[in-house]
Amino acid sequence: MQQQIQQQEQQQEQQHQHQQQQQQHQQQHQQQHQQQPQQQQHQQQQHQQQQQPHQQQHQQQQQQHQHQQHHQQQQHQHQQQQQQQQQQQQQQQQQQHHTCALFEYPKQQTLSLLLLLFYHHPTNLQQQQQQQQQHQQQQQQQQQQQQQQQQQQQQQQINTNIQRLFNSLKDNTTEAARATAATAAAATAAAASPPPT
């Protein structure tokens, strides 16, 4: 009887130990199962934290790129404004040049220059050039006429002087006086003759 009782007690202890082992195994399994989602959540958090700096860097790069584009646009606009100012200065200088030209030409040319200033077209430029050429030709013709008149006057004076000398030769009776008068007439004619043109 005692042996049976001991065997039963041993069996009960063994069953109790087996139950404890099963409970421990279940607890370990539950703990592992609970720890795995926690580890996954922790890994996801780390991944999100890693992604956040990358996204911030990407946003900063985009902001820098936008800032550079804005700066380049401002530089381009500033260059365009400088070019427009230079063009305006050139136009003002051209207008001042045309205005100053009004006081440099004679009164006959002021009307044509006014037309050139207010109607600045190629046809008006051609007409202005033709008028200037005609005016220059007229001035040259006037100068030639004045030179011809001066030459005619000088020739008349020479002829008058020679005629007077020959008249004086008629009054003189000696050959020496005639020779002296002829030499003087030749010298006077040579000195008064205009240089060849």
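Going by my numbering, the letters in the sequence shown line up with residues 1117 to 1313, in that order. C-beta atoms are modelled at their ideal positions from N, C-alpha and C, and glycine is treated no differently.
Distance from the CA atom of Q1273 to the CA atom of L1233, rounded to whole angstroms, is 51 Å. One Cα belongs to Q1131, the other to Q1119, and the distance between them is close to 18 Å. Around the beta carbon of L1229, 16 or more other beta carbons sit within 10 angstroms, so the residue counts as buried. By the C-beta criterion, the stretch 1244-1251 is judged not to be in contact with the stretch 1260-1270, since fewer than 3 inter-stretch pairs fall below 8 Å. The Cβ atoms of I1278 and A1306 do not sit closer than 8 Å to each other.
The beta carbons of L1281 and A1300 sit about 7 Å from each other, so the pair counts as a contact at 8 Å. The criterion of a C-beta distance shorter than 8 Å is not satisfied by Q1270 and A1303.
With a cutoff of 8 Å on beta-carbon distance, S1284 and A1297 are scored as near each other.
The beta carbon of Q1250 sits closer than 7 Å to none of the beta carbons in its chain outside the five residues before and after it.
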